[in-house]
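Accompanying notes for the structure given below.
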Amino acid sequence: MLKTLFASAALSLSALTLALPAHAEYPERSIQAVIPWGPGGATDNVMRSLTPYVEKELGGKFILNNRPGGTAVIGSSYVMQQRANGYTVLLGAENPQLYKVLKLADFDYSDFYPVNIIGQNVVVIAANADAPFNNMAELLAASKANPDTLRMGSTGAGGLPSTISAMINAVDELKVREVTFGGDGPGITALMGKHIDFMPLSLAAARELVRSGKLKALAVFATEETPELPGVEPITKSLPAIAEYLPWGPFWGAFVHKDTPDDIKQKLVDAYAKAVANPEFQGFLKNFGAQSLNLQGAEAEEFLKRWQSVTTWSMYKAKAIEIAPDSVGIAKP
Amino acid sequence: MSETFSYLLMAWSDPNLMLLTALGTFAGIYIGAIPGLSVTMAVSILVSFTFAWDVNDALALIVGIFIGGVYGGSRSAILLNIPGAPSSVATAFDGYPLAQQGEAGRAIGLSTVMSVIGGLIGTLVLASAAPVIGDLALRFAPRDYFLVAAIGLLLVGSLSEGSLAKGIFAAALGAVIGLVGMDPVTAQGRFTMGQTELMGGIHYVVLMIGLFGVAEALYQLHNLDSPVVRQKVDKILPSVAMVLKFLPLSIRTSLIGVIVGVLPGVGGDIAALMAYDHAKRTVKNPTQPFGKGAYEGLVAPETANSAAVGGAYVPMLTLGMPGDAVTAVIIGALVVHGLNPGPMLMVENPHIFWFTVGNLALANIFLLVFGLMGIKLFAKIVELPKAILIPLILVLCVVGTYSVNSSMTEVFWMLGFGVLGYVLKIFGFQMGPIILGAILGPLMDTSYRQAMSSVGDNPVELFGELLSSPLSLILTSAMLLILLSNTPLLGWLKGRLRPASSN
């Protein structure tokens, strides 16, 4: 293994010396890829796994750079401020689509060019294995019997749990105490210790704990059962009205500045499309508990629009946000 | 059983793994010694680097860096009064005075041996009781984290030399700095003045580098003419008698380290400060007064922060939950390598657990070797002319800060904190309490709000829980006890009771 270490060191050295371009063709130098979330998180994991395949397809080197903070506002706005030459790529998640309605920033993904919508996460409503409710209907009944007593783990305004609870509240009533944690990890720890009663989580975060019996899944946030969690009912079984928002899941994508030259956009789009389709990466996504999307061009833009519209309007309906989405240019679904 | 044994010895018997562990430990010491170059960062770079490697190779290198890096922070703390990492803030309290007395070599020797003892105790606890203490960590409710943070803030009493009022002011200042950024619940900016750059808050490492690195460099400009302290470089190794003398203390502080390390969100930095406080309270006759070069003041934080490494691995290996920032990245590494970190990891991939245990022990042995190597050379750093040393420190501070989040804004903040720290230093304020406040302030904020929202914002119910839950009751009484012993109230009570009993 040391051999590989030296070999790659030697390789990068020779790459440096050979970097003088024979003809200026993109990419002629390394590309900075900004991950607006911290190391070790879900977005970071997906991007670090995908990047080697993209490098192979594109024939260039990516420097992965974590710039976390402010629900990804800092990293995303950094990419917006860079030159539109294709040498700064944003590897982000769904968050910017909510910035306008949460008043976090005045931009969203419509200010970027979507290179690829890589995949999305399945959401499950998880509870401690000893919880008195076993499915969504029982959870709703418990919350209605004693409103504002059940404790829901949350990750703050605009986080996955508060978005999910807004969607449920848009079609039914789920009155709970929201206990906010710094992320999935501390929330799950509290859920295992029975300090909270339930928490909407991504399948990637919850699957191993459900499989080991520490947590139980009450429902999958989809219209059908998911193969990774056999026997867990889709949420539409207890809440048919929520179907209008589905399919829904937090997603990951690669983005560049809107004004990037078209030929560079095309090169990136092709490289990412092939890399995401790579069977090895597909295997990683499956093992990670995520669904592959691999959308580009108009399809990707359509996906982003629908996601933003569905999410913000359901949040508005559930009074989780005060700003009417159409006042910031988000059309009704 | 024999399988367990073979996993345990895996790193010891495979020359390749052994070499990688050694390489990691060696590199870790130097990464840790430079303020701002953190173990978290080194490990996350390695994750991309080792993508195509065998998972054992990657883990061996990471374990080495982790162990080496946590120890490495003590180097610069002792030699330059600049902790290389937040977990060695407490090491500087007595380590730097020792270097000033010409005992830098001895201080490094002692801290090396003690780090190894702490690291081995941490590993032993991990190996023997991981599932039990993993469950213990789960019992900590938000209100208990609040109590831990409150107990931690009371350390300000032992961290502030001289004026307690100044110490409390410093801790409050730190807490306010720690609260800058996005509100964790409402996602609104706090003290950001509309600046996007401040939405992510001010990283406490940025604060630490400014307050300790730049402020110290500026402060040393005051005594440019003072003669250089000649370092005694014989007798670097602590004698067996000395190690035995400190053994009871080091076992107690190691256990503090493991327990604090197990708790997610609280790590080696708090463990080291708590251990220092514990030593100050319990050791009656230190070799020199605390803060003036007591060996005990070196032993306590160094054993605790190394033992916390073993602790941080406990929730990671038993539950798939990170015990600190580094283990969070290691979990990511396991995912990238196609393993599923979680409670089933120990069942389905038991080799990862035992391999890690064996590897941690091995890395500690390498630490002993590399840590004791080259001390003579290192001790000479203190003898460097100030004209070389001070610019060098400033350059390292800038590089280190930029490397935290690749942000120039943070570099400017760091320099600003440096000037602020320099001014505060002149007026007799301590830097330790500021860092304490910056680390614990946000923890107290979030855990208090979690505890309150769990009981539907009903303070009476929260108060009831503080007394009814056994764990909370223990923590509440510990807090009250520390509070009483820190204030004149206890002496006053004793004075009142004595005449009463003699009647």
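Taken in sequence, the protein lines are chains A and B. With full-length UniProt numbering applied, the first sequence corresponds to residues 1 to 333, in that order. With full-length UniProt numbering applied, the second sequence corresponds to residues 1 to 503, in that order. Even for Gly, the Cβ is constructed at its ideal location relative to N, Cα and C. Predicted model only: the values in this text are computed from it and were never measured.
Buried versus exposed, by CB contacts within 10 Å (16 or more), residue 212 of chain A: Along the first sequence, one-based indexing puts residue 212 of chain A at 212. Residue 212 of chain A comes out buried.
Own chain, CB closer than 7 Å to residue 238 of chain B, minus 5 neighbours either side, in chain order: If you number the second sequence from 1, residue 238 of chain B lands on position 238. If we look at residue 238 of chain B and ignore the five residues flanking it on each side, its Cβ neighbours are 109, 110 and 113.
8 Å Cβ shell around residue 200 of chain B - same chain, five flanking residues per side excluded: The sequence position of residue 200 of chain B within the second sequence is 200, counting from 1. Counting only Cβ-Cβ distances below 8 Å, and skipping sequence neighbours, we find 181, 182 and 405.
Unbroken beta strand (DSSP E) run spanning residue 161 of chain A, endpoints: Position 161 of the first sequence, counted from the start, is the residue given in the question as residue 161 of chain A. No beta strand (DSSP E) contains residue 161 of chain A, which is instead part of the alpha helix (DSSP H) from 160–171.
Interface partners of residue 67 of chain A on chain B, CB under 9 Å: Locating residue 67 of chain A in the first sequence gives position 67, counting from the first residue. 200, 405, 406 and 407, listed in chain order.
Those residues which DSSP pairs with residue 151 of chain A across a bridge: Position 151 of the first sequence holds residue 151 of chain A. DSSP, once it has assigned bridges, lists A/177 as partnering residue 151 of chain A.
is_contact[residue 330 of chain B, chain A] using C-beta, thresh 9 Å: Within the second sequence, the letter at position 330 stands for residue 330 of chain B. Residue 330 of chain B counts as touching chain A.
Residue-level contact to chain B via CB, residue 239 of chain A, 9 Å cutoff: Within the first sequence, numbered from 1, the residue matching residue 239 of chain A stands at position 239. Closer than 9 Å: no.
9 Å Cβ cutoff met for residue 138 of chain B and residue 193 of chain A: As a first step, residue 138 of chain B must be located in the second sequence, where it is residue number 138. As a first step, residue 193 of chain A must be located in the first sequence, where it is residue number 193. A contact, by the Cβ cut-off of 9 Å.
Residue burial classification, residue 216 of chain A (beta-carbon count within 10 angstroms, cutoff 16): Translated into positions along the first sequence, residue 216 of chain A becomes position 216. The residue is buried, with at least 16 neighbouring Cβ atoms inside 10 Å.
Supposed close pair residue 258 of chain B, residue 323 of chain B - CB separation, criterion 8 Å: Looking up residue 258 of chain B in the second sequence gives position 258. Looking up residue 323 of chain B in the second sequence gives position 323. Wrong, their Cβ atoms sit about 10 Å apart, outside the cutoff.
Separation of residue 49 of chain B from residue 56 of chain A, as counted between CA atoms: Counted from its first residue, the first sequence places residue 56 of chain A at position 56. Counted from its first residue, the second sequence places residue 49 of chain B at position 49. Answer to the nearest angstrom: the Cα atoms are 15 Å apart.
Cβ separation of residue 229 of chain A and residue 109 of chain A, assumed to be a contact under 8 Å, to the nearest whole Å: To locate residue 229 of chain A, count along the first sequence from 1; it is residue 229. To locate residue 109 of chain A, count along the first sequence from 1; it is residue 109. So it is not a contact: roughly 29 Å between Cβ atoms.
Identity of the residues DSSP links to residue 220 of chain A by a beta bridge: Counting from one through the first sequence, the residue named residue 220 of chain A turns up at place 220. According to DSSP, residue 220 of chain A bridges with A/124 and A/234.
Bridge partners - residue 148 of chain B, DSSP secondary structure assignment: Walking along the second sequence from the start, residue 148 of chain B turns up at place 148. Note: residue 148 of chain B sits in no beta bridge, so no partner.
Test: residue 183 of chain B CB closer than 9 Å to a CB of chain A: Reading the second sequence from its first residue, position 183 is the one you call residue 183 of chain B. Closer than 9 Å to some Cβ of chain A, the Cβ of residue 183 of chain B qualifies, so yes.
Length of the line joining the Cα atoms of residue 273 of chain B and residue 359 of chain B: To locate residue 273 of chain B, count along the second sequence from 1; it is residue 273. To locate residue 359 of chain B, count along the second sequence from 1; it is residue 359. Approximately 27 Å, taken between the alpha carbons.
For residue 142 of chain B, the nearest candidate out of A/142, A/74, A/179 and A/159 (CA to CA): One-based indexing of the second sequence puts residue 142 of chain B at position 142. Among A/142, A/74, A/179 and A/159, the Cα nearest to that of residue 142 of chain B belongs to A/179.
Which residues DSSP lists as bridging residue 113 of chain A, in chain order: Within the first sequence, the letter at position 113 stands for residue 113 of chain A. According to DSSP, residue 113 of chain A bridges with A/256.
Beta-carbon spacing of residue 342 of chain B, residue 312 of chain B below 9 Å: Start at 1 with the first residue of the second sequence, and residue 342 of chain B comes out as number 342. Start at 1 with the first residue of the second sequence, and residue 312 of chain B comes out as number 312. In this structure, residue 312 of chain B does not lie closer than 9 Å to residue 342 of chain B by Cβ.
The segment 422–432 of chain B / the segment 150–168 of chain B touching (three or more Cβ pairs under 8 Å): yes
Top-ranked residue by Cα proximity to residue 34 of chain B, from B/157, B/496 and B/75: As a position in the second sequence, residue 34 of chain B is number 34, starting the count at 1. The candidate whose alpha carbon is nearest that of residue 34 of chain B is B/75.
Length of the line joining the Cα atoms of residue 63 of chain A and residue 38 of chain A: As a position in the first sequence, residue 63 of chain A is number 63, starting the count at 1. As a position in the first sequence, residue 38 of chain A is number 38, starting the count at 1. Rounded to the nearest angstrom, the two C-alpha atoms are 15 Å apart.
Interface residues of chain A facing residue 359 of chain B [CB-CB closer than 9 Å]: In the second sequence, residue 359 of chain B corresponds to position 359, counting from 1. Within chain A, no residue comes near residue 359 of chain B; the closest Cβ sits about 14 Å away, beyond 9 Å.
Beta strand (DSSP E) runs contained entirely in the segment 293–326 of chain B, provided each spans 3 or more residues: none
Those residues which DSSP pairs with residue 291 of chain A across a bridge: Translated into the one-based positions of the first sequence, residue 291 of chain A becomes position 291. A/120, per the DSSP bridge assignment.
CA nearest to the CA of residue 310 of chain B, picked from B/130, B/91 and B/287: Position 310 of the second sequence, counted from the start, is the residue given in the question as residue 310 of chain B. The shortest Cα separation from residue 310 of chain B among B/130, B/91 and B/287 belongs to B/130.
CA nearest to the CA of residue 471 of chain B, picked from B/147, B/379, B/441 and B/116: Numbered from 1 along the second sequence, position 471 holds the residue referred to as residue 471 of chain B. When each option's Cα is compared against that of residue 471 of chain B, the closest is B/147.
Residue 397 of chain B versus residue 205 of chain B - alpha carbon distance: The sequence position of residue 397 of chain B within the second sequence is 397, counting from 1. The sequence position of residue 205 of chain B within the second sequence is 205, counting from 1. Rounded to whole angstroms, residue 397 of chain B to residue 205 of chain B spans 11 Å at the Cα level.
C-beta neighbour in chain A for residue 319 of chain B, strict 9 Å: The count along the second sequence starts at 1 and reaches residue 319 of chain B at position 319. Answer yes: the Cβ-Cβ gap between residue 319 of chain B and chain A drops below 9 Å somewhere.
Start-end ranges of the alpha helix (DSSP H) lying completely within the segment 165–247 of chain B, minimum 4 residues: Here the runs fully enclosed are 204–208 and 215–220.
Residue 70 of chain B vs residue 32 of chain B beta-carbon contact at 9 Å: Residue mapping note: residue 70 of chain B aligns to position 70 of the second sequence, counting from 1. Residue mapping note: residue 32 of chain B aligns to position 32 of the second sequence, counting from 1. Taking 9 Å as the Cβ cut-off, residue 70 of chain B and residue 32 of chain B qualify as a contacting pair.
Residue 231 of chain B versus B/79, B/117, B/260 and B/280, residue with shortest Cα-Cα distance: In the second sequence, the residue the question calls residue 231 of chain B occupies position 231. Checked all of B/79, B/117, B/260 and B/280; the closest Cα to residue 231 of chain B is B/79.
Start-to-end residues for the alpha helix (DSSP H) that takes in residue 43 of chain A: As a first step, residue 43 of chain A must be located in the first sequence, where it is residue number 43. Start and end: 42–58.
Burial state of residue 207 of chain A, where buried means 16 or more other Cβ atoms lie within 10 Å: If you number the first sequence from 1, residue 207 of chain A lands on position 207. That one is buried.
Alpha-carbon to alpha-carbon, residue 115 of chain A and residue 252 of chain A: Residue 252 of chain A sits at position 252 when you count from the first residue of the first sequence. Residue 115 of chain A sits at position 115 when you count from the first residue of the first sequence. Distance between the alpha carbons of residue 252 of chain A and residue 115 of chain A: 11 Å.
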